[in-house]
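Written below as structure tokens is the structure these notes are about.
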Amino acid sequence: MPLVRVRQHVNPLSQKYLVATAPPNLQDIFAKPERPLHLDIGCARGLFLLEMAEHQPDWNYLGVEIRQPLVDRANQDRNMRQLNNLHYLFCNINTSLKTLLPPQSVQAVTIQFPDPWFKRRHQKRRVVQPELVEALAGCIKPGGWILVQSDVLEVAEEMCDRISENPAFTRQNQNWLPENPLPVPTERERTTLEQGMPVYRSQFQKP
6 MPLVRVRQHV NPLSQKYLVA TAPPNLQDIF AKPERPLHLD IGCARGLFLL
56 EMAEHQPDWN YLGVEIRQPL VDRANQDRNM RQLNNLHYLF CNINTSLKTL
106 LPPQSVQAVT IQFPDPWFKR RHQKRRVVQP ELVEALAGCI KPGGWILVQS
156 DVLEVAEEMC DRISENPAFT RQNQNWLPEN PLPVPTERER TTLEQGMPVY
206 RSQFQKP
């Protein structure tokens, strides 16, 4: 299939993205909804989750992305591989997460290389806001975890600070993790490391 061309940046505070996405029926989108659920926030083209779903078929994977064309293409790729443990959903996670998933239904969350929104006046558009962390505290199971990664130190530090501020989560590493604890890297991670640049990553657990 040809590559889908979409805008690189989408303003999540635009009016059209402020309507919450209807929650999916997990019984409909996964063949075995009782499996542990991994939520990937900002999944882009979904290639990371495609590999994860094949590598760990005993988990379910839900990717959420604010750019509809990427979601449509990702679900086509999933169908071609006949993966019944993977689904992609178009939504603004900051608007939708409170009602998107049942309480304590998620085992793992990844937020990897989110848009850094470098300009100060745009930083309120960054995905990891206190309200998102609070919603994650509600949907993640006890013993579940969050992994954050970025190649921008300021963004990584801000994500870690905001998650650490919530008493539901405990940071598992004092310094940046030297290796990715997951078996599959994202495209951005591969490119960053190939260029000899650092990746700042940290993991948090909900006791």
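Quick note: the sequence shown, position 130, residue 135 per our numbering, numbers continuous. Backbone N, C-alpha and C fix where the C-beta goes; we use that ideal spot for every residue, glycine too. Because the structure is a prediction, the values reported are computed rather than measured.
Just checking, does the region 55 to 62 make contact with the region 133 to 148 on the three C-beta pairs under 8 Å criterion?
Because the criterion of three Cβ pairs below 8 Å is not met, the region 55 to 62 and the region 133 to 148 do not touch.
Neighbour-count burial assignment, Met202, 16 or more Cβ in a 10 Å radius:
exposed
4 or more residues per run - each alpha helix (DSSP H) lying fully within the region 69 to 123
The region 69 to 123 contains, as complete alpha helix (DSSP H) runs of 4+ residues, the segments 73 to 86 and 98 to 105 (chain order).
Below 8 Å, can you find three or more Cβ-Cβ pairs linking the region 93 to 108 to the region 43 to 59?
yes
Closest residue to Thr115 among Asp77, Arg86, Gln154 and Glu163 (Cα-Cα distance):
Gln154
Assuming Ala36 and Asn90 make a contact with CB atoms under 8 Å, what is their CB distance in whole Å?
7 Å
Residue environment, Gly148, which counts as buried when at least 16 other CB atoms sit within 10 Å
exposed
Can you round the beta-carbon distance between Phe174 and Phe118 to whole angstroms, since I take them to be within the 8 Å contact cut?
In fact, because the Cβ distance is near 20 Å, the residues do not count as touching under 8 Å.
For Thr197, the three-state DSSP class (helix, strand or coil)
helix
Got a sec? Which residues, its chain only, sit under 7 Å from Trp181 by beta carbon, not counting five neighbours each side?
Tyr205, Arg206 and Ser207
So is Glu192 buried or exposed if we call it buried at 16+ other beta carbons inside 10 Å?
exposed
Rounded to the nearest angstrom, how far is the Cβ of Arg86 from that of Leu54, given a contact under 8 Å?
About 11 Å separates the two Cβ atoms, so there is no contact after all.
Range covered by the beta strand (DSSP E) that runs through Asp45
Looking at the DSSP string, the run of the beta strand (DSSP E) that includes Asp45 is Leu42 to Ile46.
Can you tell me whether Thr196 is buried or exposed? The criterion is at least 16 other CB atoms within 10 Å of its CB, across all chains shown.
exposed
Residues of its chain near Gly51, where Cβ-Cβ distance is below 6 Å and the 5 sequence neighbours each way are ignored
The answer, listed in chain order, is Gly68, Ala79 and Tyr93.
Just tell me which of Pro183, Pro212 and Leu102 has its CA closest to the CA of Ala27.
Leu102
So is Val76 buried or exposed if we call it buried at 16+ other beta carbons inside 10 Å?
If you draw a 10 Å sphere on the C-beta of Val76, you find 16 or more other C-beta atoms in it, and that means buried.
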